[in-house]
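Asker:
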Amino acid sequence: AGTLISGILRVTQAEWRRPITRIAEAITVVALVVGTVQILFDMGRPDRMLYIFFYGRLQSPLLWDMVSVTAYFLGSVVYFYLPLIPDAALLRDNLPANAPSWRRRLYRLLGLGWRGNRTQWLRLERVIGVMAVIIIPIAVSVHTIISWILATTVQPGWHSTVFGPYFVVGAIFSGIGALFLAMTVIRWAFHLEAYITEKQYQYVGYLMIAMCAIWFYFTYAEHLTLAAGQQEAEFPVLASKLWGMYATGFWVMVALMVAAFWVLVFPRLIPGGWERAPFFQPRVTATAAVLATALFVPVMRPQLLPVQSISFDIVGVSARAVLISIVVLFVIVTGVSALPWLKRRIVAATVIASACVVVAMWLERWNIIIPTLTHPRLVRWSGYAPSATEWTLTAASFALFILLFLIFFKLVPPVSIWEVAEGRVIDEMRAETPGKLPPSSTPPRRWRIGRR
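In the working numbering, the protein residues as written are 2 to 453.
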């Protein structure tokens with residue numbers, strides 16, 4: 002949902018968005034390309050895709066899924082390309098004499114004869130503004146229709162009206178996490194610390210905190226209704242996630258989300274004097290983290306170590322429960338003692354939170370799909386574990402995403418040059434002008450996010 006995030010920030014005229022919008026838009030374009038390849042993998046018979054065009058039914062969510070995904074891909078490509086035109090013209094006019102001829106032809110083609118006169122700028126700003134407004138409902142429709150493919154069935158755990166907004170929130174949430182990771186890698190690889198500053202991490206971090214709270218609400222609402230209903234077909238799906246076969250994935254997902262929320266929120270709340278206390282030192286954090294990791298293995302696989310021979314019959318508690326309590330205690334010590342360190346390093350804190358969110362959102366897809374498919378209404382329940390082929394295809398998909406992402410930014414600037422330059426001019430004018438700035442040539446927009 003990088004394009005959706007970029008569109009929202011552009012419509013609200015958040016000036017701090019300028020260095021990161023191109024990265025967000027590229028994430029969406031590349032992800033849609035890889036996602037289309039995934040559909041071909043899943044179908045097994047790509048030739049059957051033609052049946053959607055010839056025999057598609059208007060009442061089928063699959064037809065509208067194809068329409069919305071295609072529209073979203075085309076809209077994202079256009080929305081990614083439009084702000085690229087001035088930068089392509091800049092590269093076209095400043096290529097060295099020994100540059101490859103194919104690169105010169107590429108930038109000439111992408112530049113579309115751009116000369117940077119007033120008429121071209123006004124038209125470009127107007128078209129980008131229109132596309133930003135159009136891309137938002139298209140993106141919402143894509144994630145909603147994908148959820149309806151599941152929700153319009155009567156399968157246990159899927160037949161829910163909350164799936165539409167739940168999927169939209171999940172897409173924005175995972176998109177913010179992927180954006181954080183991508184902009185951090187690009188910031189480090191291209192030495193863009195002067196452009197992608199801590200201000201971008203701080204403001205996008207606010208968005209992630211809000212989406213994290215909304216995600217917790219939807220997750221709680223979804224599972225509360227299943228638990229309260231206790232229907233014969235629905236409750237086994239819930240039980241498999243809470244304490245059954247898939248409980249590990251579910252609770253790891255919840256723990257990662259709690260960790261992301263903790264890392265983003267609580268370092269901002271601690272007083273400055275806590276940093277000098279002996280408890281809030283890196284060695285305490287490292288020791289607690291190592292002990293928690295070492296005890297995690299016998300907690301998850303007690304048969305690997307002789308912990309089951311330990312008896313706690315005096316207090317009526319099993320050895321595994323005691324180990325779980327100790328691991329939780331060390332995790333809490335790790336999180337609390339690391340708060341001053343996270344407060345001083347906002348970039349590292351947001352990267353840790355983003356990694357937790359991306360992994361947790363992948364587990365969320367697993368927790369939505371697999372428990373329901375293994376607990377159908379008409380056949381016996383079964384288990385599922387990914388095969389080596391499936392893991393290979395997943396790894397190949399990530400590799401393809403990274404490859405296309407690197408190719409993109411090998412050819413085009415990862416930061417929009419003209420937008421950043423425009424933002425600096427605006428900031429200088431605000432600093433030099435005691436009163437209000439003259440009215441913009443583009444139509445005014447009322448709502449804004451963040452400070453300039």
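Cβ atoms here follow ideal geometry from the backbone N, Cα and C, with glycine treated the same way.
With a floor of 4 residues, list each alpha helix (DSSP H) that falls wholly inside the stretch 38-69, ordered by position along the chain.
Answerer: Segments of the alpha helix (DSSP H) lying fully in the stretch 38-69: 51-56.
Asker: Where does the unbroken alpha helix (DSSP H) through Arg-346 begin, and where does it stop?
Answerer: Within the sequence shown, residue 346 is the residue found at index 345, counting from 1. That residue, Arg-346, is in no alpha helix (DSSP H); it is neither H nor E in DSSP.
Asker: Within 10 angstroms of its Cβ, does Pro-207 collect 16 or more other Cβ (buried), or is it exposed?
Answerer: Within the sequence shown, the letter at position 206 stands for residue 207. Note that residue 207 corresponds to Tyr in the displayed sequence, not to Pro. Classification for Tyr-207: exposed.
Asker: Go ahead and label Asp-88 buried or exposed: buried means 16 or more other beta carbons lie within 10 angstroms of its beta carbon, across all protein chains shown.
Answerer: Translated into the one-based positions of the sequence shown, residue 88 becomes position 87. So Asp-88 ends up on the buried side.
Asker: Along the chain, where does the alpha helix (DSSP H) containing His-224 start, and where does it finish?
Answerer: Working through the sequence shown from its first residue, we reach residue 224 at position 223. Note, His-224: alpha helix (DSSP H), 199-230.
Asker: What does a CB cutoff of less than 7 Å around Leu-364 pick up in its chain, not counting 5 residues either side in sequence?
Answerer: Numbered from its first residue, the sequence shown carries residue 364 at position 363. Excluding sequence neighbours, Leu-364 sits near Gly-250, Val-253 and Met-254.
Asker: Do you know how far the Cα of Lys-200 is from the Cα of Pro-20?
Answerer: As a first step, residue 20 must be located in the sequence shown, where it is residue number 19. As a first step, residue 200 must be located in the sequence shown, where it is residue number 199. Cα-Cα distance, rounded: 11 Å.
Asker: Does DSSP put Ser-417 in a helix, a strand or coil?
Answerer: The count along the sequence shown starts at 1 and reaches residue 417 at position 416. In this structure, Ser-417 counts as coil in the three-state DSSP scheme.
Asker: Quick check on DSSP: helix, strand or coil for Ser-326?
Answerer: The sequence position of residue 326 within the sequence shown is 325, counting from 1. Looking at Ser-326 - three-state DSSP - the assignment turns out to be helix.
Asker: From Val-169 to His-144, what distance separates their C-alpha atoms?
Answerer: Translated into the one-based positions of the sequence shown, residue 169 becomes position 168. Translated into the one-based positions of the sequence shown, residue 144 becomes position 143. Approximately 5 Å between the Cα atoms of the pair.
Asker: I need the straight-line Cα distance from Ile-136 to Val-68, nearest angstrom please.
Answerer: In the sequence shown, residue 136 corresponds to position 135, counting from 1. In the sequence shown, residue 68 corresponds to position 67, counting from 1. About 14 Å.
Asker: Between which two residues does the alpha helix (DSSP H) containing Leu-182 stretch?
Answerer: Translated into positions along the sequence shown, residue 182 becomes position 181. Leu-182 -> alpha helix (DSSP H) spans 164-190.
Asker: So, is Leu-202 buried or exposed, given that buried needs 16 or more other C-beta atoms within 10 angstroms?
Answerer: For this step, residue 202 is matched to residue 201 along the sequence shown. It should be pointed out that residue 202 corresponds to Tyr in this sequence rather than to Leu. Buried.
Asker: If you reduce the DSSP assignment to three classes, tell me which class Gly-246 lands in.
Answerer: Position 245 of the sequence shown holds residue 246. In the sequence as displayed, the identity of residue 246 is Met instead of Gly. Residue state, collapsed to three classes: coil.
Asker: Take the Cβ of Gly-3 as the centre, count every other Cβ of all protein chains shown within 10 Å, and call the residue buried at 16 or more, exposed below.
Answerer: Along the sequence shown, read from residue 1 onward, the residue named residue 3 stands at position 2. Counting Cβ neighbours within 10 Å, Gly-3 comes out buried, since at least 16 surround it.
Asker: Ordered along the chain, which non-local residues of its own chain (more than five positions away) have a Cβ less than 8 Å from that of Thr-395?
Answerer: The residue you call residue 395 lines up with position 394 of the sequence shown. Answer for Thr-395: Pro-387, listed in chain order.
Asker: So, at 8 Å on beta carbons, what are the nonlocal neighbours of Glu-423 in its own chain, with the 5 sequence-adjacent residues on each side left out?
Answerer: As a first step, residue 423 must be located in the sequence shown, where it is residue number 422. The answer, listed in chain order, is Arg-19.
Asker: Flag this pair as yes or no: are the beta carbons of Tyr-455 and Val-421 separated by less than 8 Å?
Answerer: Within the shown structure, residues of the chain are numbered from 2 to 453, placing residue 455 beyond reach of any answer.
Asker: Could you compute how far the alpha carbon of Ile-147 sits from the alpha carbon of Lys-242?
Answerer: Numbered from its first residue, the sequence shown carries residue 147 at position 146. Numbered from its first residue, the sequence shown carries residue 242 at position 241. One C-alpha to the other measures close to 22 Å.
Asker: So, at 8 Å on beta carbons, what are the nonlocal neighbours of Val-352 in its own chain, with the 5 sequence-adjacent residues on each side left out?
Answerer: Position 351 of the sequence shown holds residue 352. Same-chain partners within the cutoff: Phe-181, Leu-182 and Thr-185.
Asker: Please classify Val-238: is it buried, with 16 or more other beta-carbons within 10 angstroms of its beta-carbon, or exposed?
Answerer: In the sequence shown, counting from the first residue as 1, residue 238 sits at position 237. When all chains shown are included, Val-238 counts as buried.
Asker: Please state the DSSP three-state secondary structure of Ile-455.
Answerer: For the chain, the structure presents residues 2 to 453; residue 455 sits outside this window and is missing.
Asker: Assign Val-329 to one of two classes, buried (16 or more other C-beta atoms within 10 Å of its C-beta) or exposed (fewer than that).
Answerer: Stepping through the sequence shown from its first residue, residue 329 is reached at position 328. By the neighbour-count rule (16 or more Cβ atoms within 10 Å), Val-329 is not buried but exposed.
Asker: Got a sec, what are the start and stop residues for the alpha helix (DSSP H) Gly-112 sits in?
Answerer: As a working mapping, residue 112 is identified with position 111 in the sequence shown. 102-112 is the span of the alpha helix (DSSP H), which, as asked, contains Gly-112.
Asker: Which residue's Cα is closest to the Cα of Ile-369: Ile-150, Val-380, Val-416 and Trp-392?
Answerer: In the sequence shown, counting from the first residue as 1, residue 369 sits at position 368. Taking only the C-alpha atoms, the option nearest Ile-369 is Ile-150.
Asker: State the Cα-Cα distance for the pair Arg-381 and Leu-374, rounded to the nearest angstrom.
Answerer: Here residue 381 refers to the residue found at position 380 of the sequence shown. Here residue 374 refers to the residue found at position 373 of the sequence shown. Each residue's alpha carbon lies about 11 Å from the other.
Asker: Does the count of Cβ pairs from the stretch 114-127 and the stretch 38-52 closer than 8 Å reach three?
Answerer: The stretch 114-127 vs the stretch 38-52: no contact.
Asker: Can you tell which of Pro-62, Met-44, Glu-126 and Leu-41 has the C-alpha that lies nearest to the C-alpha of Tyr-82?
Answerer: Start at 1 with the first residue of the sequence shown, and residue 82 comes out as number 81. The shortest C-alpha separation from Tyr-82 is found at Glu-126.
Asker: Just to confirm, are Ala-400 and Pro-268 a CB contact at a threshold of 8 Å?
Answerer: Walking along the sequence shown from the start, residue 400 turns up at place 399. Walking along the sequence shown from the start, residue 268 turns up at place 267. No. Outside cutoff.
Asker: Please specify which runs of the beta strand (DSSP E), each continuous and at least 3 residues long, are wholly inside the stretch 270-300, giving them in chain order.
Answerer: Correct list: empty.
Asker: Spatial neighbours of Val-285 within its chain, please: C-beta separation below 8 Å, excluding the five flanking residues on both sides.
Answerer: Position 284 of the sequence shown, counting from 1, holds the residue named residue 285. Around Val-285: Pro-279, Val-334 and Ser-338.
Asker: Applying the 10 Å Cβ sphere with the 16-neighbour rule, what's the burial state of Leu-63?
Answerer: Against the sequence shown, residue 63 aligns to sequence position 62. Answer is exposed; the Cβ neighbour count stays below 16.
Asker: Count the other C-beta atoms from every protein chain shown that fall within 10 angstroms of the C-beta of Gly-158, then say buried if there are 16 or more, exposed otherwise.
Answerer: Along the sequence shown, read from residue 1 onward, the residue named residue 158 stands at position 157. It counts as buried.
Asker: Closer than 7 Å to a non-hydrogen atom of the ligand NAP - does that hold for the CB of Ala-15?
Answerer: By its list of ligands, the structure shown contains no ligand whatsoever, and the ligand NAP lies outside what it can speak to.
Asker: Taking all protein chains shown into account, do 16 or more other C-beta atoms lie within 10 angstroms of the C-beta of Ile-371, making it buried, or fewer, making it exposed?
Answerer: On the sequence shown, residue 371 is found 370 positions in, with the first residue counted as 1. The residue in question, Ile-371, is buried, as its Cβ has 16 or more Cβ neighbours within 10 Å.
Asker: Tell me which residues share the same chain as Gly-165 and place their Cβ nearer than 6 Å to its Cβ, disregarding the 5 neighbours each side in the sequence.
Answerer: Within the sequence shown, numbered from 1, the residue matching residue 165 stands at position 164. Correct list, in chain order: Thr-145 and Ser-148.
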